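S.K.: For reference, the structure I am asking about is given below.
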């Protein structure tokens with residue numbers, strides 16, 4: 001088990017460009033989460049998938065953001081027409097949920113986005 | 117709704133001294149509780165968690181946290197810190213009626229002074 005991986009680790013882009021991030025969860029995990037973390041804040045929930053179904057989206061996830069998990073394994077997060085306010089660390093987490101109980105999430109190293 | 121308050125944004129402490137990082141939460145339902153640690157330029161790592169049973173939970177690197185239901189607190193302690201403990205620590209809650217929700221505090225940055 002290699003843990004949750006994210007690619008790229010850093011992304012610098014110009015305002016107005018589109019960017020796409022990838023997350024590979026722990027292999028047997030059925031849930032995958034995306035969070036955004038800005039300086040001085042804890043992670044803020046964006047969206048999550050159970051298998052390939054996107055079950056919830058935060059109001060933070062504007063129309064410019066889209067996430068997919070087509071085969072229930074890896075996921076992509078795309079931001080269209082980036083704005084400077086999108087600059088943040090984007091974190092992916094995964095978990096295995098098999099009935100009632102706590103959802104212990106395991107985080108990847110994050111993708112740091114800088115929009116110039 | 118749930119919320120998590122970490123009262124201290126930064127805590128400086130001398131090496132080998134004890135430390136306590138405070139965490140209080142608010143919730144109308146019972147919760148599971150977590151502490152995550154984020155080392156510089158890394159993602160979050162689960163440090164310890166309280167799900168049920170003994171209210172005192174421990175990590176492998178000497179941290180412990182105690183769940184206090186009456187005070188709605190889950191403070192993190194270590195009797196003797198090391199330089200390697202320099203990191204940001206996040207308290208988080210997971211409401212028992214929503215196993216897909218984790219709400220994080222804003223974090224406490226632990227500075228270890230030589």
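Protein chains in written order, with the numbering used here: chain V, 1 to 116; chain X, 117 to 230. All residues carry an ideal CB built from backbone N, CA and C; glycine is no exception. These numbers come from a predicted model, not from an experiment.
When DSSP labels each residue in this structure, what does residue 84 of chain V get in the three-state scheme?
M.R.: The answer is helix: DSSP assigns residue 84 of chain V an H, G or I state.
S.K.: Give a yes or no on whether the minimum CB-CB distance between residue 126 of chain X and chain V is below 8 Å.
M.R.: It does not: the Cβ of residue 126 of chain X has no partner Cβ on chain V nearer than 8 Å.
S.K.: Is residue 58 of chain V helix, strand or coil when you go by DSSP?
M.R.: Reduced to three states, the DSSP call for residue 58 of chain V is coil.
S.K.: Shorter than 8 Å from the beta carbon of residue 176 of chain X to some beta carbon of chain V?
M.R.: For residue 176 of chain X, the answer is no, since every Cβ of chain V falls outside 8 Å of its Cβ.
S.K.: Using alpha carbons as the reference points, say which of X:118, X:123 and X:160 lies closest to residue 145 of chain X.
M.R.: Among X:118, X:123 and X:160, the Cα nearest to that of residue 145 of chain X is on X:118.
S.K.: In whole angstroms, what separates the C-alpha of residue 155 of chain X from that of residue 69 of chain V?
M.R.: If you take the alpha carbons of residue 155 of chain X and residue 69 of chain V, they lie about 28 Å apart.
S.K.: Note down the Cα distance separating residue 162 of chain X from residue 17 of chain V, rounded to an integer number of angstroms.
M.R.: Rounded to the nearest angstrom, the two C-alpha atoms are 34 Å apart.
S.K.: Label residue 179 of chain X either buried or exposed according to how many other C-beta atoms from any shown protein chain fall within 10 Å of its C-beta, with 16 as the threshold for buried.
M.R.: With 16 or more Cβ atoms within 10 Å of its Cβ, residue 179 of chain X is classed as buried.
S.K.: Any idea what DSSP makes of residue 12 of chain V, helix, strand or coil?
M.R.: Looking at residue 12 of chain V - three-state DSSP - the assignment turns out to be strand.
S.K.: If the cut is a Cβ gap below 9 Å, which residues of chain V does residue 206 of chain X touch?
M.R.: Here the neighbours are 42 and 43.
S.K.: Closest Cβ-Cβ distance between residue 210 of chain X and chain V: below 8 Å?
M.R.: With 8 Å as the cut-off, residue 210 of chain X counts as an interface residue toward chain V.
S.K.: Any residues in the stretch 47-74 of chain V with a beta carbon nearer than 9 Å to a beta carbon of chain X? Which ones, in chain order?
M.R.: Going along the stretch 47-74 of chain V in chain order, one finds 48, 50, 55 and 56 with a Cβ nearer than 9 Å to chain X.
S.K.: Just the Cα atoms here: how many angstroms apart are residue 24 of chain V and residue 85 of chain V?
M.R.: Roughly 26 Å between the two C-alpha positions.
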